[in-house]
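Trainee: I have a structure I would like to understand better, so I am pasting it below and will then ask my questions one at a time.
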Amino acid sequence: MMSTTSMHGMWSSRLAFIFAATGSAVGLGNIWRFPYTAGESGGGAFVLIYLLCVAAIGVPIMIAEVMLGRRGRQSPINTMRALAVRQGAHPAWQLLGWMGILAGLLILSFYSVIAGWTLAYVFRAGSGQFAGIDGPGSEAIFSALTADPERLLAWHSIFMALVVMIVARGVASGLELAARVLMPALFVLLVIMVIYAAQAGDFGAGLGYLFTPDFDALSAHAGDALLNAMGQAFFSLSLGMGAIMIYGSYLSSQASIGTNVAIIAGIDTLVALLAGLAIFPIVFANGLEPSEGPSLIFLTLPVAFGQMPFGALFGVLFFLLLAFAAWTSAISLLEPVVAYLVENKGFSRVRASLLAGVAVWLLGIACLLSLNEWSGFTLFEMGILDLFDYLTANVLLPLGGILIAVFAGWILDEEVSRTELGASNGAWFYPLWRGLIRWVAPLCVILVFLNAIGLI
Numbered sequence: 006m007m008s009t010t011s012m013h014g015m016w017s018s019r020l021a022f023i024f025a026a027t028g029s030a031v032g033l034g035n036i037w038r039f040p041y042t043a044g045e046s047g048g049g050a051f052v053l054i055y056l057l058c059v060a061a062i063g064v065p066i067m068i069a070e071v072m073l074g075r076r077g078r079q080s081p082i083n084t085m086r087a088l089a090v091r092q093g094a095h096p097a098w099q100l101l102g103w104m105g106i107l108a109g110l111l112i113l114s115f116y117s118v119i120a121g122w123t124l125a126y127v128f129r130a131g132s133g134q135f136a137g138i139d140g141p142g143s144e145a146i147f148s149a150l151t152a153d154p155e156r157l158l159a160w161h162s163i164f165m166a167l168v169v170m171i172v173a174r175g176v177a178s179g180l181e182l183a184a185r186v187l188m189p190a191l192f193v194l195l196v197i198m199v200i201y202a203a204q205a206g207d208f209g210a211g212l213g214y215l216f217t218p219d220f221d222a223l224s225a226h227a228g229d230a231l232l233n234a235m236g237q238a239f240f241s242l243s244l245g246m247g248a249i250m251i252y253g254s255y256l257s258s259q260a261s262i263g264t265n266v267a268i269i270a271g272i273d274t275l276v277a278l279l280a281g282l283a284i285f286p287i288v289f290a291n292g293l294e295p296s297e298g299p300s301l302i303f304l305t306l307p308v309a310f311g312q313m314p315f316g317a318l319f320g321v322l323f324f325l326l327l328a329f330a331a332w333t334s335a336i337s338l339l340e341p342v343v344a345y346l347v348e349n350k351g352f353s354r355v356r357a358s359l360l361a362g363v364a365v366w367l368l369g370i371a372c373l374l375s376l377n378e379w380s381g382f383t384l385f386e387m388g389i390l391d392l393f394d395y396l397t398a399n400v401l402l403p404l405g406g407i408l409i410a411v412f413a414g415w416i417l418d419e420e421v422s423r424t425e426l427g428a429s430n431g432a433w434f435y436p437l438w439r440g441l442i443r444w445v446a447p448l449c450v451i452l453v454f455l456n457a458i459g460l461i
């Protein structure tokens, strides 16, 4: 008999779960990574492929991960061990949980450093440092920040303290309360930025760039665009790192997994598109390149904010928006390992949060030093931050996604998945989900994985 509640607590309502899981999914990947990936991959045609990938790959795997979490009601490690034993499968399936927790810790270690940049830029925008700057001036501001290990350490420490503070408070008064406050605030800030972009930027050009597919431009790089879209759809939903699984373990047995996941994926996608509408009109109005890559936000946008009416105010709002998005994702990355320490080591939640937070903080120090003092130290021709990014995005998360799909589609009894998804024999969506999770999703993620490691 499976438990109907988690020892860590439960979401008070369906809305609380939606806010929390959306907060986990919505992060720097939506507001920082999506616009520059779309810019590099041809705009509207890429967006169309991305939306198809969300529907065919992201949503089925997210449903599976929430379902496994709710069925197990424990940390990802203990959930996968318990479910495997109940299905007569090898307990080594718990390695899926370990992979997710490892990926989450590594991601959070460099995610916190980048989130520290956003906090620093809130104050730089507010103090007027962007006023009248050009490209070299913007690059000098960013270079000065990344070259200063003490400053990076301060911002990294502040961000991790904020994350630990929320996670230590537990499900109801920590995770849920933060999600209820931060997600509406994030959405309001994003809408304000879109309105500002419509007034101060070239909104028509931004709209056309995002939503007018240019298949002629796409055809020359169709393979890369398809793989980039699959990767972005998968990673923007926070799949394969244990966060969605642990959040699913706090979900009521009466809640519809399919409906909730569809809402979460819809909001996550909406945020990514709104981020594009907030950024590209400003980029086009200032004659900047939409395909600038990762530097689009930290190097390019400060130039635009420095030249626009009320640029300081909206620069503050924009980087505050980034910080909120990073915070909601970060608390979900720390939660799985905290749950494991409480379950298996008997730690109090506060002690577990502090221990996990300090471990991530130490890893983060290595990441930030790789940008300056340790810049000459490389492994596999990569610095520590780049190595952690590569290992998680290109190895651990795709493997996690494949294994989730295989377990949910091939190992878990069909009767169990039907029960968890509330699917009677006549339900039309269940055969569709089962076909996607057994065949389409794993094969597509395998393609992403093979492309990432250079085999295709």
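Numbering (the numbering used here), first residue to last: 6 to 461.
Yeah, the Cβ is synthetic: ideal placement off N, Cα and C, and Gly gets one too.
Quick caveat, the model's predicted, so the values are computed rather than measured.
So, using beta-carbon positions, are residue 130 and residue 393 closer together than 8 Å?
Mentor: Going by C-beta atoms, residue 130 is not nearer than 8 Å to residue 393.
Trainee: Counting Cβ pairs closer than 8 Å, one from the segment 357-365 and one from the segment 165-176, do we hit at least three?
Mentor: The segment 357-365 makes contact with the segment 165-176: 3 or more CB pairs, one atom from each, lie closer than 8 Å.
Trainee: How far does the alpha helix (DSSP H) with residue 13 in it reach, from first residue to last?
Mentor: Counting along the chain, residue 13 falls outside any alpha helix (DSSP H), and DSSP gives it neither H nor E.
Trainee: Quick check on residue 104: does DSSP put it in helix, strand or coil?
Mentor: helix
Trainee: How do the segment 147-157 and the segment 67-74 stand: do at least 3 beta-carbon pairs fall below 8 Å, yes or no?
Mentor: no
Trainee: Between which two residues does the alpha helix (DSSP H) holding residue 182 run?
Mentor: That run of the alpha helix (DSSP H) goes 182-205.
Trainee: In or out: residue 436 buried (at least 16 other Cβ within 10 Å) or exposed?
Mentor: An exposed status is given to residue 436, since fewer than 16 other beta-carbon atoms sit within 10 Å of its beta-carbon.
Trainee: Assign residue 384 to buried or exposed, taking buried as 16 or more other Cβ atoms, counted over all protein chains shown, within 10 Å of its Cβ.
Mentor: Classification of residue 384: exposed, given that the 10 Å Cβ count is below 16.
Trainee: Would DSSP call residue 387 helix, strand or coil?
Mentor: strand
Trainee: Quick test of your reading: residue 287 and residue 351, contact by CB under 8 Å. State the CB separation rounded to the nearest angstrom.
Mentor: With 8 Å as the limit, residue 287 and residue 351 do not qualify as a contact, their Cβ atoms being about 52 Å apart.
Trainee: Could you give the residue range of the alpha helix (DSSP H) that holds residue 254?
Mentor: Neither: residue 254 is in no alpha helix (DSSP H) and is coded neither H nor E.
Trainee: Just to confirm before moving on: does the CB-CB distance between residue 283 and residue 371 stay below 8 Å?
Mentor: no
Trainee: To the nearest angstrom, report how far apart residue 378 and residue 170 are at their CA atoms.
Mentor: 30 Å
Trainee: Specify whether the segment 336-349 and the segment 206-222 touch according to this definition: at least 3 beta carbon pairs, one from each stretch, less than 8 Å apart.
Mentor: Under the Cβ criterion (8 Å, minimum of three pairs), the segment 336-349 does not count as touching the segment 206-222.
Trainee: Pick from 62, 24, 37: whose alpha carbon is nearest that of residue 403?
Mentor: 62
Trainee: Among 31, 9, 313, 12, which one has its Cα closest to the Cα of residue 249?
Mentor: 31
Trainee: Would you mind giving the Cβ-Cβ distance between residue 99 and residue 418, rounded to the nearest angstrom? I have them listed as a contact below 8 Å.
Mentor: The Cβ separation is near 19 Å, so there is no contact.
Trainee: Using the C-alpha atoms, what's the distance from residue 398 back to residue 457?
Mentor: 9 Å
Trainee: Should the segment 190-197 be called in touch with the segment 317-327, which here means at least 3 C-beta pairs below 8 Å?
Mentor: Yes, the segment 190-197 is in contact with the segment 317-327.
Trainee: First and last residue of the alpha helix (DSSP H) that includes residue 399?
Mentor: Where residue 399 is concerned, there is no enclosing alpha helix (DSSP H), given that its DSSP letter is neither H nor E.
Trainee: If you draw a straight line from the C-alpha of residue 246 to the C-alpha of residue 414, how long is it?
Mentor: Going by C-alpha positions, residue 246 is about 19 Å away from residue 414.
Trainee: Can you tell me whether residue 153 is helix, strand or coil according to DSSP?
Mentor: coil
Trainee: State the Cα-Cα distance for the pair residue 261 and residue 427, rounded to the nearest angstrom.
Mentor: 7 Å
Trainee: Does DSSP put residue 219 in a helix, in a strand, or in coil?
Mentor: coil
Trainee: Taking only runs of the alpha helix (DSSP H) that begin and end inside the segment 279-325, which ones reach a length of at least 4 residues, in chain order?
Mentor: 306-312
Trainee: Hey, how far is the Cα of residue 258 from the Cα of residue 354?
Mentor: 24 Å
Trainee: Throw me the rounded Cβ distance for the residue 173 and residue 54 pair, which I believe falls under 8 Å.
Mentor: With 8 Å as the limit, residue 173 and residue 54 do not qualify as a contact, their Cβ atoms being about 41 Å apart.
Trainee: Taking residue 414 as part of the alpha helix (DSSP H), name the residues at either end of that continuous run.
Mentor: Premise fails: residue 414 is in no alpha helix (DSSP H) and is neither H nor E.
Trainee: Short of 7 Å in beta carbon distance, which residues of its chain neighbour residue 27, apart from the five on each side in sequence? Order them along the chain.
Mentor: 188, 269, 272, 273
Trainee: For residue 78, which of helix, strand or coil comes out of DSSP?
Mentor: coil
Trainee: Just tell me which of 441, 451, 243, 460 has its CA closest to the CA of residue 60.
Mentor: 441
Trainee: What's the call for residue 12, buried or exposed, on a 16-neighbour Cβ count within 10 Å?
Mentor: Exposed is the call here.
Trainee: What is the rounded straight-line gap between the Cα of residue 141 and the Cα of residue 305?
Mentor: 10 Å
Trainee: Below 7 Å, is the gap between the Cβ of residue 48 and the nearest heavy atom of the ligand COA?
Mentor: Judged by which ligands are present, the structure shown has none, so any question about the ligand COA falls away.
Trainee: Determine the burial state of residue 349: buried for a count of at least 16 other Cβ atoms within 10 Å of its Cβ, exposed for fewer.
Mentor: By the neighbour-count rule (16 or more Cβ atoms within 10 Å), residue 349 is not buried but exposed.
Trainee: For residue 453, which residues in the same chain have their Cβ closer than 8 Å to its Cβ, ignoring the five residues on either side in sequence?
Mentor: If we look at residue 453 and ignore the five residues flanking it on each side, its Cβ neighbours are 232, 235, 236, 239, 403.
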